[in-house]
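Novice: Below is the structure I would like to discuss, written out as structure tokens.
There are 2 protein chains.
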Amino acid sequence: MKKNVLIIGAGGVAKVVAHKCAQHNDELGRIAIASRNLSKCQAIIDSVTAKGSLKQPAEIRAYALDALDIEATKALIRETDSQIVINVGSAFLNMSVLRACMETGAAYLDTAIHEDPSRICETPPWYGNYEWKHLDECRERGITAILGIGFDPGVVNAWAALANKQYFDRIDSIDILDVNAGSHGKYFATNFDPEINFREFTGTVWSWQNRQWTPNSMFEVKRTDDLPVVGAQNLYLTGHDEVHSLSKNLDVPNIRFWMSFGDHYINVFSVLKNLGLLSEQPVKTAEGQEVVPLKVVKAVLPDPASLAPGYTGKTCIADLVKGSKNGQPREVLIYNVADHEEAFAETDSQGISYTAGVPPVAAARLIARGDWDARQMVNVEELPPEPFLTLLDQMGLPTRVKDEHGDRPWNA
Amino acid sequence: MKKNVLIIGAGGVAKVVAHKCAQHNDELGRIAIASRNLSKCQAIIDSVTAKGSLKQPAEIRAYALDALDIEATKALIRETDSQIVINVGSAFLNMSVLRACMETGAAYLDTAIHEDPSRICETPPWYGNYEWKHLDECRERGITAILGIGFDPGVVNAWAALANKQYFDRIDSIDILDVNAGSHGKYFATNFDPEINFREFTGTVWSWQNRQWTPNSMFEVKRTDDLPVVGAQNLYLTGHDEVHSLSKNLDVPNIRFWMSFGDHYINVFSVLKNLGLLSEQPVKTAEGQEVVPLKVVKAVLPDPASLAPGYTGKTCIADLVKGSKNGQPREVLIYNVADHEEAFAETDSQGISYTAGVPPVAAARLIARGDWDARQMVNVEELPPEPFLTLLDQMGLPTRVKDEHGDRPWNA
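Residue numbers (my numbering), protein chains in the order written: chain D, 1426 to 1837; chain F, 1426 to 1837.
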């Protein structure tokens, strides 16, 4: 049984995490928020207060922290007596926050794979380059570390585990379909940190096909799917965290990640990429200033958090699983539809932040209860999916299933 | 009679100027090249030597100079005993180089209007904000200052003067048409300094229509013309230097500048502009670094000089003049066609640099001869066009005329 949550990060996802922790602070205990920018932490606390999200009266405290500083992070974990750390800061912080957790005994959760600022789209399996090097140490120390517990990765991994356990004897393929059919009304914006967003797409796209790592380039492979609620969508083969763990943990020959893009997004992305403006490597201006182009692109784009008030429309994220059960071929779509306006009404956040921020709080509740206190480093598909999906049904992200028997709640 | 030329700048246009000065050094005397970057000056001298461009044996000397430093510029004019200064450096340098010329008695030539780094597309007439404030002082001191003596502005102004003097009793409209139908083979590049190129298009497009300054935005007004050699082309109403002086110096109610753009250029430009990446105002990155986005765009784009070796195709620049002569309406197209590969063969430069770099050398020859030694500040249309166009015929930029009598050399 673990208590008291330290949230690291103060972006859009951190805001949802704070709201959701507040809604369950009877179970989770005290809540603290830390980031480099204290005023962003305080703004989140103000939003939680204004919405009346706290279930039990409590004070959420804000702390200024550079989470690359392991000693400072350890000190804050101890000062706040936090037994659960939800790392929703930059993907560059994972290794230092994990180290601080390992040395203080706190449970560690994150929502995205570790990144080295100077490298993009690393060789598969990407987790092997960073996180999994600490598997043994976590096991020896009894540290609970749940990697990639957002929506994708996260919920989609739990769906894969559910399909493997309940719906199939043999799985031939898992295609993860990520559609944002919402509209933010801006000329162009990314739904989360532009730096992380673009880094996903500028290098090689790795997928797991015929039990082999297969390289493609972005926007090279396209599919069109007619999905629940959002209708027909163009999706493109993309590299993504969960492919790197599912390919290790499940006996499935084909695992691919697909993301929806409109023609306008692709055009803007292609122009920026072809010009070299998405490079993470510095260039030198005529005046001799060293600048990373991608950081300048980030500086001119809208802050993803600023998109929330006017965002309309829905997201649909799904696992399309094909294989066989009892000797019969079958196909199951496991999915969730979320609404940008409903997310804003509840948490002052847009739907992409909402879908990423609710799952780690569900996981934290399961750790607090002991159900998911694994005392080792795990990816989500290694944990029992049922209690997690049941909590998400109650917390705003219900899972539905569509197969030959119809379209219904997963546990109907 | 003036002698000895100091070239300020070491970009693509400066290279052509150096080659052409060398070809006529019997008339022009000693040649010196100065810029912030000494190695770029030396590379130009190496090119002149390799091509054997010097008509008479001579040594071209290179100097490191920050031409914003008026005292240093004056000292170099005196040290080199230069009586003619051809300023083909950045458009930000005009006022300081002009000042140095006024105080040393040297003749001053430039090819583009002065720009303040912090302002774009200034209020018309733009020359009134900078250059023309020195009209009286130039006249009092007897300083020859020829403004905008490249191709456009420059040759197109001389054509306007020719039309006004020889071809029309009354001119209703002058439409300057600037077409580059060449291909550099890169994904995207500008043909001269990207910073100056983009600054032309990001603010208000000013044209002179019905004797009034008329504002439009870039790519708002389009026309299609079937032009000699290059064929049908889409051109867009653009703000440009010569509209600011021709509207003052000629009694013409409509003066417009049009530039050809392909759909790909417009798309890349529009993406960059809409994102804010063409801004000359600094932004701050998440890390706190202050950066001017336009300077970063410049840093990632190809150096215009690097385009020369593979450049193919032709340019066509024209004045389309409408009005009447002897009571009859008439229409005359005065134009030049230049070839990128021929420009490279002669001067190691692409055609855009060539068309801009040859005219100031023709003008320098006319100053050296005394024909254009005006001893005051003038725009090109204020000078007799015939000797200038005659020299250009001999120097690689022949003028042709197309009207109801056919298509022929202007002085056939």
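Note that the Cβ used here is the ideal one computed from N, Cα and C, for glycine as well.
Please read all numbers here as calculations on a predicted model, not as lab measurements.
If you compare alpha carbons, which of Lys1427(D), Lys1440(D), Val1438(D) and Val1762(D) is closest to Ala1606(D)?
Specialist: Nearest C-alpha to Ala1606(D): Val1762(D).
Novice: Please classify Arg1800(F) as buried or exposed, where buried requires at least 16 neighbouring CB atoms within 10 angstroms.
Specialist: Arg1800(F) is exposed by the Cβ-count criterion.
Novice: Exposed or buried, what is Arg1833(D) when buried is set at 16 or more other beta-carbons lying within 10 Å of its beta-carbon?
Specialist: exposed
Novice: Within 7 Å: the Cβ of Thr1569(D) and any heavy atom of the ligand NAD?
Specialist: Summarising the ligand content, the structure contains no ligands, and the ligand NAD is consequently not present.
Novice: Apply the 10 Å Cβ neighbour rule to Arg1503(D) and answer buried if 16 or more other Cβ atoms are within range, or exposed otherwise.
Specialist: exposed
Novice: Measure how close the beta-carbons of Ile1742(F) and Ile1509(F) come, nearest whole angstrom, since I'm counting them as under 8 Å.
Specialist: About 25 Å separates the two Cβ atoms, so there is no contact after all.
Novice: Going by DSSP, name the residue or residues bridged to Cys1741(D).
Specialist: DSSP output for Cys1741(D) lists Val1604(D) and Val1762(D) as bridge partner(s).
Novice: Answer yes or no: do Ser1521(F) and Ala1492(F) have a C-beta to C-beta separation smaller than 8 Å?
Specialist: yes
Novice: Looking only at its own chain, which residues have a Cβ that is under 6 Å from the Cβ of Ser1774(F), when we skip the five neighbours before and after it?
Specialist: Gly1437, Lys1440, Val1441, Ala1733 and Ala1768
Novice: Please state whether DSSP places Asn1699(F) in a helix, a strand or coil.
Specialist: helix
Novice: Just the Cα atoms here: how many angstroms apart are Glu1540(F) and Trp1551(F)?
Specialist: 9 Å
Novice: Select from Phe1644(F), Lys1673(F) and Pro1810(F) the residue whose C-alpha is nearest the C-alpha of Gly1664(F).
Specialist: Phe1644(F)
Novice: Can you list, in chain order, the residues of its chain with a C-beta nearer than 8 Å to that of Lys1720(F)? Leave out the 5 residues immediately preceding and following it.
Specialist: Taken in chain order, the residues that qualify are Glu1620.
Novice: Who are the Cβ neighbours of Ala1525(F) in its own chain at under 7 Å, not counting the five residues just before and after it?
Specialist: Ile1495, Thr1498, Lys1499 and Ile1502
Novice: Put Ala1711(F) into one of helix, strand or coil per three-state DSSP.
Specialist: coil
Novice: Taking the C-alpha atoms as reference points, what is the distance between Ile1511(D) and Val1430(D)?
Specialist: 7 Å
Novice: Check whether the region 1752-1759 of chain F and the region 1685-1695 of chain F touch, using three or more Cβ-Cβ pairs below 8 Å as the test.
Specialist: no
Novice: Name the chain F residues whose beta carbon is nearer than 9 Å to that of Thr1710(D)?
Specialist: Val1716, Val1717, Lys1720, Val1721, Lys1723 and Ala1724
Novice: Grouping DSSP H, G and I as helix and E and B as strand, with all else coil, what is Tyr1661(D)?
Specialist: strand
Novice: Gly1701(F) versus chain D: which residues are under 7 Å apart at the beta carbon?
Specialist: Val1725
Novice: Helix, strand or coil for Arg1648(D)? Go by DSSP, reduced to three states.
Specialist: strand
Novice: Within 10 angstroms of the Cβ of Ser1749(D), are there 16 or more other Cβ atoms? Answer buried if so, exposed if not.
Specialist: With fewer than 16 other Cβ atoms inside 10 Å of its own Cβ, Ser1749(D) counts as exposed.
Novice: Phe1626(D) CB to nearest chain F CB: under 8 Å?
Specialist: no
Novice: Here's the rule: buried if 16 or more other CB atoms are within 10 angstroms of the residue's CB, otherwise exposed. What is Thr1548(D)?
Specialist: Residue environment: Thr1548(D) is assigned as exposed (fewer than 16 neighbouring CB atoms within 10 Å of its CB, all protein chains considered).
Novice: What are the boundary residues of the beta strand (DSSP E) that includes Gln1637(D)?
Specialist: Its beta strand (DSSP E) spans residues Gln1637 to Asn1641.
Novice: Can you pull the chain D residues whose beta carbon is under 9 Å from the beta carbon of Val1693(F), in chain order?
Specialist: Val1696, Asn1699 and Leu1700
Novice: Can you tell me which of the three DSSP states Asp1832(D) falls into?
Specialist: Strand.
Novice: May I have the straight-line CA-CA distance separating Tyr1690(F) from Ala1724(F), to the nearest angstrom?
Specialist: Roughly 18 Å between the two C-alpha positions.
Novice: Please list, in chain order, the residues of the region 1592-1615 of chain F that have any C-beta partner in chain D closer than 9 Å.
Specialist: Tyr1612 and Phe1613
Novice: Do Pro1707(F) and Val1716(F) have their C-beta atoms within less than 8 Å of each other?
Specialist: yes
Novice: Just the Cα atoms here: how many angstroms apart are Val1805(D) and Val1580(D)?
Specialist: 8 Å
Novice: Could you pull the start and end residues of the beta strand (DSSP E) that Ile1509(F) belongs to?
Specialist: Its beta strand (DSSP E) spans residues Ile1509 to Asn1512.
Novice: Who are the Cβ neighbours of Leu1587(D) in its own chain at under 6 Å, not counting the five residues just before and after it?
Specialist: Pro1810
Novice: Would you mind reading off the limits of the alpha helix (DSSP H) that contains Ile1469(D)?
Specialist: Leu1463 to Lys1476 is the extent of the alpha helix (DSSP H) around Ile1469(D).
Novice: My output table needs one value for Gly1782(D): the three-state DSSP class, helix, strand or coil.
Specialist: helix
Novice: Within a Cβ cutoff of 6 Å, which residues of the same chain sit near Ser1478(D), ignoring the five residues on either side of it in sequence?
Specialist: His1444, Ala1447 and Gln1448
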